[in-house]
Amino acid sequence: MSNIPKKHVTNKWWAALAVWGSAILFLALLPIPFRSGFMLSMLSEIGIMIIFALSYNMLLGQGGLLSFGHAVYFGLGGFITMHALNFVNDGVLPLPLEALPLVGGLGGLFFGIVFGYVSTRRAGTPFALISLGIGELIASSSLMLPSFFGGEEGISGDRMAEITLTPFGFGQQIEVYYLIAFWVLVSTGLMYLLTQTPLGRMANAVRDNPERTPFVGYNTHIVRTIQFSLAAFFAGIAGGLFAINYEIVTAEVVGAIPSANVLMMTYIGGTGFFFGPILGAILITLMELMLSNITHAWVLYYGLMFIAMILWAPGGLASLIMMHKPLWQGRVIGGVLKAYAIMAAPVVILFLGCMILIEINYHLSLSIKPEDPMHIFGIEFYAQSIWPWLVSIVLSIGGLIFFLKSRKIVSRAWKTAGNQLKQKDSGS
């Protein structure tokens with residue numbers, strides 16, 4: 027620390043203070059333009075998924091552990107929180123509601139230590155398969171242990187507990203939102219601080235080169251176990267918030283679907299940057315809650331986006347943003363943005379063509395009365411008519427042709443911006 031200029035350290039602290047201060051202010055003011063019950067519920071769900079996705083990135087992005095059963099700790103944390111909430115309402119457990127997500131976190135931590143110690147003996151494919159097996163084990167146990175999991179009906183409770191630390195009664199959704207926002211800030215801050223600790227650095231080392239890590243005095247199994255357990259702790263907090271928000275937890279939350287969802291959130295957002303899973307959680311939650319009300323094919327769009335990210339942007343949304351940082355700092359990004367604007371038109375045309383084809387096929391195959399007219403953007407037409415098919419095919423082919431041409435324009439813009447950046451660097 028003595029070799030680092032004091033001015034640099036001070037600027038770093040001020041930058042961190044500005045970021046976290048802005049985050050607090052943003053979360054505090056966010057409900058003002060979104061006062062409807064649906065929007066507040068959506069914001070609450072996004073907050074829960076942010077914690078869940080960041081906890082998963084502790085495994086995948088920071089530790090290099092691909093888990094197919096991370097929802098186990100999310101779900102168990104939710105069940106434990108719901109039981110604790112019922113104990114509080116029965117007068118057995120004198121805990122304030124605001125602290126109950128921590129109970130879910132401790133439950134996730136306990137099971138994370140138990141299962142993590144076994145599964146982290148191996149990495150790569152063996153670890154992934156073990157996590158999948160543990161997920162299926164817990165999912166099947168949910169039907170065999172109805173006293174804990176509640177059977178098919180799950181466990182429900184009343185979040186309007188008498189013991190609270192705040193004046194909130196938590197009957198209104200906005201009060202629950204602020205509780206979730208508080209835990210989002212706390213959990214995000216702690217998970218970020220963990221990346222700056224020796225444990226976080228060693229988790230990266232074990233991820234990148236597990237063979238050489240023991241030479242610096244660290245046991246790879248212990249490092250993975252601790253990282254796994256802490257990830258389960260934060261997943262349990264997210265599960266506890268889920269239980270409080272919805273006042274019911276069912277066996278579905280420990281199944282394969284939530285585990286797959288958090289994997290896609292984290293990967294689409296970007297595992298290489300801390301804020302990547304936050305972007306992924308926001309995007310996927312918005313798709314699930316909004317697209318599902320618009321089209322029956324939302325899962326297909328979801329899957330196509332995931333495939334596209336794997337093929338053309340394996341670093342996720344965060345990497346796409348950060349790759350523009352040098353151009354932004356060098357003030358040579360203008361030409362690239364103009365090229366993107368040119369490419370936007372064929373992308374929209376191609377998307378519209380493909381979307382119409384998908385919606386027509388879904389209407390014909392899944393609609394109760396496929397002979398009824400269908401509507402897209404307020405336009406009524408019949409799926410059996412030849413004109414919608416011709417329009418969609420023309421839009422798809424035309425959009426694809428112009429998209430391929432516009433890619434060359436974007437490539438030239440990037441090359442020009444790179445040359446300008448080199449000239450500025452050489453001139454300085």
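27 is the number of the first residue of the sequence shown in this note's numbering; add one for each residue after it. For glycine and all other residues, C-beta sits at the position ideal for the given N, C-alpha and C.
Residue i, enclosing alpha helix (DSSP H) - first and last residue
i: GLU466; result: Any question about residue 466 goes unanswered here, given that the chain covers just 27 to 454.
i: GLN253; result: 246–272
i: TYR327; result: 324–338
i: PHE208; result: 199–221
i: PHE153; result: 150–170
i: VAL288; result: 282–295
i: ALA344; result: 342–348
i: PRO193; result: Taken as a continuous stretch (DSSP letters only), PRO193 belongs to no alpha helix (DSSP H), as it is neither H nor E.
i: VAL140; result: 126–145
Residue i (DSSP reduced to helix, strand or coil)
i: MET228; result: helix
i: PHE17; result: The chain is shown from 27 up to 454; residue 17 falls before or after that span and cannot be answered.
i: VAL114; result: helix
i: ILE359; result: coil
i: LYS448; result: helix
i: SER28; result: Summary for SER28: the model assigns pLDDT 48, below 50, so the residue's position carries little reliability; its value from the coordinates is reported in the next sentence. Residue state, collapsed to three classes: coil.
Where the beta strand (DSSP E) containing residue i begins and where it ends
i: GLU178; result: Counting along the chain, GLU178 falls outside any beta strand (DSSP E), and DSSP gives it neither H nor E.
i: ILE304; result: ILE304 -> not in any beta strand (DSSP E); alpha helix (DSSP H) instead, spanning 302–316.
Residue i, buried or exposed, once every other Cβ within 10 Å from all chains shown has been counted against 16
i: MET170; result: exposed
i: SER411; result: exposed
i: PRO120; result: exposed
i: GLY342; result: buried
i: ASN245; result: exposed
i: HIS401; result: exposed
i: THR223; result: exposed
i: MET27; result: Confidence is the limiting factor: at MET27 the pLDDT is only 43, short of 50, which leaves the residue's position unreliable and the question unanswerable from this model.
i: VAL210; result: buried
i: THR422; result: It is worth fixing the name first, because residue 422 is Ser in this sequence and not Thr. SER422 should be labelled buried.
i: GLN6; result: Since the first residue of the chain shown is 27 and the last is 454, residue 6 is not available in this structure.
i: GLN5; result: No answer is possible for residue 5: it lies beyond the span of the chain, which begins at 27 and ends at 454.
i: GLN355; result: exposed
i: GLY262; result: buried
i: ALA44; result: exposed
i: SER157; result: buried
i: MET108; result: buried
i: MET349; result: exposed
From the options, residue whose alpha carbon lies closest to that of residue i
i: ALA264; options: ILE310, VAL249, LEU317, LEU205; result: LEU205
i: GLY281; options: ILE308, SER167, GLY266, THR239; result: SER167
i: LEU305; options: LYS38, PHE78, GLY63; result: PHE78
i: VAL279; options: SER393, LEU102, GLN199; result: LEU102
i: PHE268; options: VAL417, ILE76, ARG61; result: ILE76
i: TYR203; options: PHE403, PHE407, TRP46, LEU53; result: LEU53
i: PRO396; options: ILE310, ARG185, ALA409; result: ALA409
i: VAL114; options: SER318, ILE270, SER145, GLN355; result: ILE270
i: VAL362; options: LYS450, GLY404, THR214, GLN446; result: GLN446
i: TYR328; options: ILE310, ALA344, ILE336, ILE320; result: ILE310
i: PRO303; options: THR214, ILE359, LEU383; result: THR214
i: TRP455; options: ILE359, ALA365, GLY130, TYR293; result: Because the chain in this structure spans residues 27 to 454, residue 455 falls outside the shown range and cannot be described.
i: TYR99; options: GLY87, GLY138, ASP116; result: GLY138
i: THR151; options: GLY161, VAL118, PHE94, GLY131; result: PHE94
i: ALA439; options: PHE175, ALA367, GLY130; result: ALA367
i: GLU201; options: THR239, LEU56, GLY133; result: LEU56
i: ALA49; options: ASN319, ALA207, PHE260, GLY90; result: ALA207
i: LEU128; options: ALA307, VAL212, VAL249; result: VAL212
i: LYS450; options: GLU179, ARG61, LEU353; result: LEU353
i: THR276; options: GLY104, SER67, ALA42; result: GLY104
i: PRO193; options: ARG357, LEU315, PRO122, GLU314; result: PRO122
i: PHE64; options: VAL436, SER432, ASN319, ILE435; result: ASN319
i: PHE136; options: ALA42, PHE407, PHE260, PHE300; result: PHE260
i: ASP234; options: ILE74, LEU91, ASP116; result: LEU91
i: GLY295; options: MET335, MET313, LEU315; result: MET335
i: ALA42; options: LEU219, LEU111, HIS96; result: LEU219
i: PHE347; options: ALA307, ARG357, PHE299; result: It should be noted that the sequence gives Ile, not Phe, for residue 347. Per the Cα distances, PHE299.
i: SER182; options: SER62, TYR272, VAL249, VAL373; result: TYR272
i: MET369; options: TRP40, LEU430, HIS350; result: LEU430
i: LEU163; options: SER437, SER173, PHE141; result: PHE141
i: VAL242; options: GLY47, SER432, VAL232; result: VAL232
Cβ distance (whole Å) where residue i is taken to contact residue j below 8 angstroms
i: PRO340; j: ILE382; result: At roughly 29 angstroms, the Cβ-Cβ gap does not stay under 8 angstroms, so PRO340 and ILE382 are not in contact.
i: ALA257; j: MET84; result: 4 angstroms
i: GLY131; j: GLY266; result: 7 angstroms
i: THR221; j: MET228; result: With a Cβ gap of about 11 angstroms, THR221 and MET228 do not count as contacting.
i: PHE60; j: LEU69; result: 6 angstroms
i: THR251; j: LEU86; result: Not confirmed; about 16 angstroms, so no contact.
i: SER418; j: ILE386; result: 7 angstroms
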